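Those letters in the sequence shown? Residues -19 to -1, 1 to 220, by mature numbering (1 follows the signal peptide of the UniProt record, and there is no 0). Backbone N, C-alpha and C define an ideal beta-carbon position, used for all residues, glycine too. These numbers come from a predicted model, not from an experiment. Some notes on the structure that comes next.
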Amino acid sequence: MKKITLTLFFLGFSLISLGQTPQIFFEQTTEFLKKNVTEEGKVDYFTIKKSPGELIYILSNIEKLDTKFSDKKFAKAFWINVYNLEVIKAVIEHFPLASVEKVPGFFDTTTFTVGNQQLTLNDIQNVILRDLFFDPAVHFTLASGANGGAPLLNTAYLPTTVDVQIKQRATLVINSKEYFYINKDLKVIELPKIFEWYKKDFAVNYFNEIDFINLFLEKKVDNKLTVKTYDFDWSLNQK
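Have a look at this one:
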């Protein structure tokens, strides 16, 4: 039922204008992230924990927001930002902690309110972003609160630039040092765990996972290598 509700929630394409409150959300998110996230994507959880008012204010303003956005890019940018902010909020509620993996139900049972709906982080990632937008590169915008995840952008994703921003993040992450490892003797490439967890996103939409990363790599990789994955680093992405 929740999946149907969320699908209709976006696909309703209501004719409401993109009013002031949604636009302010992007401005407030940018201001918050610039103050609390480093260029490398590390989060200053300690400072946010001491003074959480700004984050709580931003998220409280979208609890009753009408999210039947008429613009697809607006919706895409909105939900990416919401996911990342809700991760930060969930972390500081348990901070100090070494890993979000130690928090029961962090992704699948802890709920919050957006648009008068009770959602989990998995609802946003899987039901909204993955199922409705069909863009595997979105994975590189979602900070999971862990060093093994994508580094958090220290500004908001914006409706006017969201697709460009997504491509930039995917390019940055995939070309970063030690993102993947190749054993030429064994003809094996080791990729991050997300390529196993979300294999259908990368290996169905493209011939295989290597074809996907080759879209962003400056130096292409042989797509006939055997794909394996390495362990995910669940340590907290803390400044």
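_So within the segment 80 to 106, which uninterrupted beta strand (DSSP E) runs reach at least 3 residues, ignoring any that extend past its ends?_
Correct list: 93 to 95, 98 to 100.
*By Cβ distance below 8 Å, which residues in the same chain neighbour K209 in space, the five residues on each side in sequence not counted?*
Taken in chain order, the residues that qualify are V169, I170, E171, L172.
*As assigned by DSSP and simplified to three states, the class of Y160*: Y160: coil per DSSP, three-state reduction.
*Looking at the unbroken alpha helix (DSSP H) that takes in I170, where does it start and where does it end?*
Not the alpha helix (DSSP H): I170 falls in the beta strand (DSSP E), residues 169 to 172.
*Buried or exposed for I163, please, with buried defined as at least 16 other CB atoms from any protein chain shown within 10 angstroms of its CB.*
Label assigned to I163: exposed.
*Count the other CB atoms within 10 Å of the CB of L206; is the residue buried (16 or more) or exposed (fewer)?*
Residue environment: L206 is assigned as buried (16 or more neighbouring CB atoms within 10 Å of its CB, all protein chains considered).
*Compare the beta carbon distance of A151 and F115 with 7 Å and say whether it is the shorter of the two.*
No.
*asked:* Considering only their Cβ atoms, is the gap separating A137 from residue 224 smaller than 7 Å?
replied: Any property of residue 224 remains undetermined from this structure, which presents the chain solely from -19 to 220.
_If we define contact as Cβ-Cβ less than 7 Å, is L66 a contact residue for chain D?_
Note that chain D does not occur in the displayed structure, where there is just one protein chain.
*Determine the DSSP secondary structure at T142, reduced to helix, strand or coil.*
The answer is coil: DSSP assigns T142 none of H, G, I, E or B.
_Cα-Cα separation, F(-7) to F121_ = For F(-7), the predicted structure reports a pLDDT of 37, less than 50, and the residue's modelled location is therefore unreliable. The matter cannot be settled from this model.
*Just grab the DSSP bridge partners of S216 for me.*
Residue pairing by DSSP puts S216 in a beta bridge opposite S80.
_Do P132 and residue 222 have their beta-carbon atoms positioned less than 7 Å apart in this structure?_
Absent from the model: residue 222. The displayed extent of the chain is -19 to 220, so no value can be given.
*Could you work out which residue in N62, Y64, F87, V63 is closest to E74 when comparing CA atoms only?*
Nearest in C-alpha terms to E74, of all of N62, Y64, F87, V63, is F87.
*Could you tell me if Y64 is buried or exposed, where buried requires 16 or more neighbouring beta carbons within 10 angstroms of its beta carbon?*
Looking at its Cβ environment, which holds 16 or more other Cβ atoms inside 10 Å, Y64 is buried.
*Run the CB neighbour count on S41, radius 10 Å, all protein chains shown included, and call it buried at 16 or more, exposed below.*
With fewer than 16 other CB atoms across the displayed protein chains lying within 10 angstroms of its CB, S41 is exposed.
_Which of helix, strand or coil DSSP assigns to T11_ = Helix at T11.
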